[in-house]
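For reference, the structure discussed in these notes is given below.
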Ligand code: COA
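In my numbering, the protein residues as written are 2 to 285.
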């Protein structure tokens, strides 16, 4: 759907780039000519992805272990990347999430998820943003949020509060830094099967069917669809999009939000017929 040189000469860092949506985006960005850096916590996973994507795309890819919760480690990583030249794009994709009853969660559980999703994104954004501003270098940040940032969601409260914060960060800095050449946008993905998320969020296979049924399109999204949207949003072709959160969920959250949707889906054809206005004979 894009020309193969769409991201030529772009240098892009993807946090959590070793697996899932981050890995799929890395692959797409490489296919489109970008030079890609991936980071994550697990050295072996990153190295395997680096080798796999280098072999499959022939692109320039580098990997580096880094826990984004650690501000000093992030600063060190960004410094090392910058020594080879400035990044053009930062994609804050690293996340943590699990289903749990909130009253059962320890402080450590909150700190873990909020630390990765919100503080981790803040660390990378500040490290890149300060460098871009100081050098007058244009930059683009793409944050990965979720569809429940405005509604919140039961059973994933650490994630809901952290992603809501990330959305606020996106919109705030889009305005504060926009006039100095930095764009900030976000993708709010709905259900897209990846091992990391689905093993934690859909514990029983039959729940998948239920999840598909409550989606207007009747299916999950694909990592390829996600990666294409990410490529568009980090490319210069989307240069006037700033402070936007693009929902990509097949209409799922609107399905849940509409007051009459569930009711309407339960009505039979006969009931729909009964709801129609009765024909009256024309007045003479
Ligand atoms: N339910 C409740 N609490 C949980 C939990 C669960 N399923 N999984 C972890 N925790 C708690 C731990 O008990 C711990 O709290 P404590 O310090 O009070 O004991 C805290 O969270 C941190 O857990 P730890 O095992 O040290 O993990 P971590 O900080 O290295 O890992 C997670 C981060 C917890 C988010 C882990 O799920 C993870 O690595 N996820 C990465 C991938 C992912 O979540 N992808 C989906 C994105 S949508």
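Where is the CB? At the ideal position from N, CA and C, for every residue including glycine.
Check                                                                                                                                                     : Outcome
Thinking C-alpha only, which one of 152, 190, 267 is nearest residue 246?                                                                                 : 190
How would you call residue 122, buried or exposed, if buried means at least 16 neighbouring beta carbons within 10 angstroms?                             : buried
Classify residue 196 as helix, strand or coil using the three-state DSSP reduction.                                                                       : helix
Are the beta-carbon atoms of residue 35 and residue 4 separated by less than 8 Å?                                                                         : no
Locate the alpha helix (DSSP H) running through residue 44, then write down its first and last residues.                                                  : 44–58
Measure the Cβ-Cβ separation of residue 154 and residue 161 and say whether it is below 8 Å.                                                              : yes
Measure the Cβ-Cβ separation of residue 175 and residue 143 and say whether it is below 8 Å.                                                              : no
Along the beta strand (DSSP E) that carries residue 36, what are the first and last residues, could you check?                                            : 36–41
Out of 2, 6, 18, 22, which has the shortest C-alpha to C-alpha gap to residue 198?                                                                        : 22
Would you kindly work out how many angstroms separate the C-alpha atoms of residue 105 and residue 205, rounded to a whole number?                        : 21 Å
Please list the terminal residues of the continuous alpha helix (DSSP H) segment that includes residue 101.                                               : Looking at the DSSP string, residue 101 is not in any alpha helix (DSSP H), and its letter there is neither H nor E.
Assuming contact is defined by CB atoms lying nearer than 8 Å, are residue 1 and residue 90 in contact in what I supplied?                                : Outside the shown range of the chain (2 to 285) lies residue 1, about which nothing can therefore be said.
Which of the three DSSP states, helix, strand or coil, is assigned to residue 187?                                                                        : strand
Taking C-beta to C-beta, are residue 56 and residue 67 nearer than 8 Å?                                                                                   : no
Closer than 7 Å to a non-hydrogen atom of the ligand COA - does that hold for the CB of residue 114?                                                      : yes
Where does residue 203 fall in DSSP's three states?                                                                                                       : coil
Identify the continuous beta strand (DSSP E) that holds residue 249 and give its terminal residues.                                                       : 246–249
Taking buried to mean at least 16 other C-beta atoms within 10 Å of its own C-beta, is residue 81 buried or exposed?                                      : exposed
Considering only the alpha carbon of each residue, which of 111, 147, 112, 83 lies closest to residue 131?                                                : 83
I want to see whether chain B comes within less than 8 Å of residue 184, judged by CB atoms only; does it?                                                : Note that chain B does not occur in the displayed structure, where there is just one protein chain.
Quick check on residue 135: buried or exposed, where buried means 16 or more other Cβ atoms within 10 Å of its Cβ?                                        : exposed
Give the C-beta separation of residue 115 and residue 159 to the nearest angstrom, bearing in mind that I take them to be a contact with Cβ-Cβ under 8 Å. : 6 Å
According to DSSP, what are the bridge partners of residue 92?                                                                                            : 15, 143
Throw me the rounded Cβ distance for the residue 215 and residue 257 pair, which I believe falls under 8 Å.                                               : 7 Å
Given 7 Å as the limit, tell me if residue 203 has its C-beta closer than that to any heavy atom belonging to the ligand COA.                             : no
With DSSP as the reference, label residue 10 as helix, strand or coil.                                                                                    : coil
So, helix, strand or coil for residue 70, using DSSP?                                                                                                     : coil
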